[in-house]
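Numbering (our numbering), first residue to last: 1059 to 1273.
Given below as structure tokens:
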């Protein structure tokens, strides 16, 4: 992308209409994914929408057996602003579309990206083990401070309550109860990823989220 002309970079590179319109210029993609600019809400939305599309594509021969769902950032942003996600048409549409591809008995993991004051965090809701896995790329090798644990518990508990409200509205036979959930706080090892030059810092939590299943 470094050799791409500014004329091309200023054009719309991504346009996708549903469940809500996303538009991204090439310059935004270059600065956020190829450089170190902070990831915007729209970029994270595009990434998670694409992850969902890829999962659907590779599961086209086993409809109804998707084991994970990628929730777009609008959900967490709405919940943390103390609004009801059930009143947002695009969020309702994303859950309604999911009911056709998701068998409640086989869907184990729900990933919810959340923009926090200092970085993005992904919360993985493990329906089999009834735990919330916190994937925070801002945490170093020394682990989570008590204050950060408390913050993540507060945020994830709000998301947990809202998620189950939606699940109970859109799935008549959801297999997992909302009570007695725990939290786990793995360390993503950000420093090692940076040395390898694999992805910019803002993508660490998202990249790690896609590999979490049995850990």
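Positions of the beta carbon are idealized from the N, C-alpha and C atoms, including for glycine.
query: Closest by C-alpha distance to residue 1279, when choosing among 1168, 1174, 1104; result: Lying outside 1059 to 1273, the shown extent of the chain, residue 1279 is not represented and no answer is given.
query: Residue range of the alpha helix (DSSP H) that includes residue 1211; result: 1204-1228
query: Residue of 1185, 1226, 1190 minimising C-alpha distance to residue 1179; result: 1190
query: Backbone CA spacing between residue 1216 and residue 1133 [nearest angstrom]; result: 11 Å
query: C-beta contact flag for residue 1335 and residue 1143 at 7 Å; result: Since the first residue of the chain shown is 1059 and the last is 1273, residue 1335 is not available in this structure.
query: For residue 1109, three-class secondary structure by DSSP; result: helix
query: N- and C-terminal bounds of the alpha helix (DSSP H) containing residue 1067; result: 1064-1067
query: Cα-Cα separation between residue 1239 and residue 1219, rounded to whole angstroms; result: 11 Å
query: Beta-carbon proximity check, residue 1072 vs residue 1082, cutoff 7 Å; result: yes
query: Alpha-carbon to alpha-carbon, residue 1145 and residue 1085; result: 33 Å
query: Residue range of the unbroken alpha helix (DSSP H) whose run includes residue 1084; result: 1084-1087
query: Close beta carbons around residue 1152, own chain, < 7 Å, minus the five adjacent residues each side; result: 1077, 1130
query: Local conformation of residue 1171 per DSSP, three classes; result: strand
query: Span separating the alpha-carbon of residue 1067 from that of residue 1229; result: 42 Å
query: Cβ-based burial, residue 1070 [other Cβ within 10 Å; buried from 16]; result: exposed
query: DSSP state of residue 1275 mapped onto helix, strand, coil; result: Absent from the model: residue 1275. The displayed extent of the chain is 1059 to 1273, so no value can be given.
query: Start-to-end residues for the alpha helix (DSSP H) that takes in residue 1135; result: 1132-1138
query: C-beta contact flag for residue 1194 and residue 1167 at 7 Å; result: no
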